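Undergrad: Going by the working numbering, the sequence shown opens with residue 1, and the numbers climb by one from there.
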Amino acid sequence: MTVLEGRTAAGRGVRVRYSAAGIEAVDDHPSAPEVLVIPGLVDLQVNGYGGLDVNDPSANALPALVRALWAQGVTTVYPTIVSADDATTTRLVTAAAAARADDPVVRYGVPGLHLEGPYISSVDGARGAHDPAVIRDPDADEFDRWQNAADGAIAIMTVAPERTGAIEFTRHLAAHGVLPSIGHSLATADDVHAFAAAGGRLSTHLGNALPAQLDRHRNPIWPQLTEDRLTAGLIADGHHLPGDTFAALVRAKGVERCVLTSDAAALAGCAPGDYQTAVGGSVTVTPDGSLRLTGTPYLAGSGASLLDCLRWSTNYLPLDVAVTMATSTPADLLGLHDRGRLEAGARADLLQFNRTPAGGLGELTTVVVNGQAVLKP
Numbered sequence: 001m002t003v004l005e006g007r008t009a010a011g012r013g014v015r016v017r018y019s020a021a022g023i024e025a026v027d028d029h030p031s032a033p034e035v036l037v038i039p040g041l042v043d044l045q046v047n048g049y050g051g052l053d054v055n056d057p058s059a060n061a062l063p064a065l066v067r068a069l070w071a072q073g074v075t076t077v078y079p080t081i082v083s084a085d086d087a088t089t090t091r092l093v094t095a096a097a098a099a100r101a102d103d104p105v106v107r108y109g110v111p112g113l114h115l116e117g118p119y120i121s122s123v124d125g126a127r128g129a130h131d132p133a134v135i136r137d138p139d140a141d142e143f144d145r146w147q148n149a150a151d152g153a154i155a156i157m158t159v160a161p162e163r164t165g166a167i168e169f170t171r172h173l174a175a176h177g178v179l180p181s182i183g184h185s186l187a188t189a190d191d192v193h194a195f196a197a198a199g200g201r202l203s204t205h206l207g208n209a210l211p212a213q214l215d216r217h218r219n220p221i222w223p224q225l226t227e228d229r230l231t232a233g234l235i236a237d238g239h240h241l242p243g244d245t246f247a248a249l250v251r252a253k254g255v256e257r258c259v260l261t262s263d264a265a266a267l268a269g270c271a272p273g274d275y276q277t278a279v280g281g282s283v284t285v286t287p288d289g290s291l292r293l294t295g296t297p298y299l300a301g302s303g304a305s306l307l308d309c310l311r312w313s314t315n316y317l318p319l320d321v322a323v324t325m326a327t328s329t330p331a332d333l334l335g336l337h338d339r340g341r342l343e344a345g346a347r348a349d350l351l352q353f354n355r356t357p358a359g360g361l362g363e364l365t366t367v368v369v370n371g372q373a374v375l376k377p
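What follows is the structure, given as structure tokens:
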């Protein structure tokens with residue numbers, strides 16, 4: 001058994017006793033050192049990081065990606081495959097299934113996959129950087145083939161409810177244990193509520209993947225905010241949502257129905273410059289860390305990790321609230337009730353940070369994954 005001491009995000013001094021079996025106890029420790037101890041981060045939407053690309057069929061990115069994200073405090077990740085043709089999607093999910101089967105570290109760190117498309121809006125703005133040539137209406141038989149190729153690992157599916165057959169497809173997903181998420185969509189209010197009634201439970205990067213100009217009243221944002229059956233995923237990288245917009249969305253939706261996500265692309269964490277990518281083609285990493293389709297103002301995914309997003313979000317949220325939105329809330333949404341929390345019986349996924357002079361998140365010094373220290377001070 002090993003011990004980790006520090007302060008929780010809410011300020012409680014604790015001594016966390018853990019082993020490979022999980023967290024054994026969380027004891028009060030009033031004189032605990034002034035370092036922060038929180039659960040490992042849970043990211044529901046990651047396309048890649050540090051040059052590792054989930055969507056490159058020629059790469060076997062998952063083993064390296066899972067390990068690379070440890071240094072960013074992410075201990076649970078849902079690799080996200082974007083819109084592609086049938087053959088490419090099949091290759092990608094098959095490779096992911098093989099990586100999970102062959103490597104227990106990947107199997108633990110990747111409880112499931114997230115398919116973002118191809119059943120999304122083809123309208124410019126709403127489709128984002130997705131290839132318009134492969135966007136299409138939902139096909140349950142096609143999805144079932146992918147799920148079979150993935151050995152049942154597809155856990156989240158982003159769809160646009162306004163597409164032909166999308167509501168019936170949403171029921172199909174929900175009936176087979178897949179979490180339906182609305183995104184890259186120009187859905188009407190009726191579409192949004194029908195989607196939720198059919199089993200929809202998440203909004204993929206709410207406030208993004210939309211045209212620059214929308215009707216001020218009749219647009220997809222308001223019904224997603226009012227629909228209590230939907231949890232809002234928010235990219236808190238400082239580029240996808242301005243601070244006031246981010247804060248307003250959280251206040252309107254309620255912190256209990258919001259999760260932080262990175263939407264990190266393969267170039268997240270890379271040096272500024274122009275790159276060629278498997279998805280998006282030419283992408284520029286700008287000096288401010290955002291990713292843009294080269295020569296345009298359009299975002300090409302996020303250049304931030306979930307830890308970066310957590311840090312940024314604390315400019316607008318209390319630390320304990322932001323931590324919950326990056327740990328237990330996304331874990332619970334996917335049924336991982338033993339992750340993302342500091343309590344006896346939970347998985348021993350733990351992070352320890354130094355504190356800044358103002359009491360915020362300083363340097364990440366310790367990372368424990370499933371009871372094993374993978375980063376030590």
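C-beta atoms are modelled at their ideal positions from N, C-alpha and C, and glycine is treated no differently. Computed from a predicted model, the values in this text were never measured in an experiment.
Could you name each continuous beta strand (DSSP E) segment of 3 residues or more that falls completely within the stretch 160 to 234, going from the start of the chain to the end?
TA: As far as the stretch 160 to 234 is concerned, its whole beta strand (DSSP E) runs of at least 3 residues are 179 to 182.
Undergrad: Hey, does Tyr49 have any beta-carbon neighbour from chain B nearer than 8 Å?
TA: You won't find chain B in this structure, because it holds only one protein chain.
Undergrad: Can you name, in chain order, every residue of its own chain whose Cβ lies under 6 Å from the Cβ of Thr75, other than the five neighbours on each side?
TA: Once the five neighbours on either side are set aside, the close Cβ partners of Thr75 are Gly40, Asp349, Val369.
Undergrad: Excluding the 5 residues preceding and the 5 following Gly73 in the sequence, name in chain order all residues of the same chain whose CB lies nearer than 6 Å to its CB.
TA: Closer than 6 Å at Cβ, skipping near neighbours: Leu41, Leu307, Leu351, Leu364.
Undergrad: Short of 8 Å in beta carbon distance, which residues of its chain neighbour Thr245, apart from the five on each side in sequence? Order them along the chain.
TA: Excluding residues within five positions, the ones whose Cβ falls inside 8 Å are Gly207.
Undergrad: Given a cut-off of 8 Å, decide if Leu342 and Val82 are closer than it, judged by their beta-carbon atoms.
TA: No, these two residues do not count as a Cβ contact at 8 Å.
Undergrad: Does the beta-carbon distance from Ser282 to Asp288 come in below 8 Å?
TA: No, these two residues do not count as a Cβ contact at 8 Å.
Undergrad: Pull the bridge partners of Met157 from the DSSP assignment, please.
TA: Its beta-bridge partners are Leu115, Pro180.
Undergrad: Sort out for me which residues DSSP pairs Val259 with in a bridge.
TA: BP columns for Val259 point to Gly233.
Undergrad: With distances taken from CA atoms, which of Leu260, Ala373, Thr366 is nearest Leu36?
TA: Among Leu260, Ala373, Thr366, the Cα nearest to that of Leu36 belongs to Thr366.
Undergrad: So what does DSSP say about Glu142, is it helix, strand or coil?
TA: Glu142 falls in the helix class under three-state DSSP.
Undergrad: Could you round the C-beta distance between Pro180 and Thr164 to whole angstroms and report it? I think they count as a contact, below 8 Å.
TA: Actually they do not touch by this definition, with Cβ atoms about 16 Å apart.
Undergrad: Have a look at Ala166 and Ile182 and give me their C-alpha separation to the nearest angstrom.
TA: Going from the Cα of Ala166 to the Cα of Ile182 covers about 10 Å.
Undergrad: In chain order, what residues of the same chain have a beta carbon less than 7 Å from the beta carbon of Ser185, not counting five sequence neighbours either side?
TA: If we look at Ser185 and ignore the five residues flanking it on each side, its Cβ neighbours are Ile120, Ser121, Ala126, Ala160, Pro161, Glu162, Pro220.
Undergrad: Starting from the Cα of Asp228, find the closest Cα among Leu241, Ile156, Ala209, Gly254 and give me that residue.
TA: Residue Gly254 is the option with its Cα nearest to Asp228.
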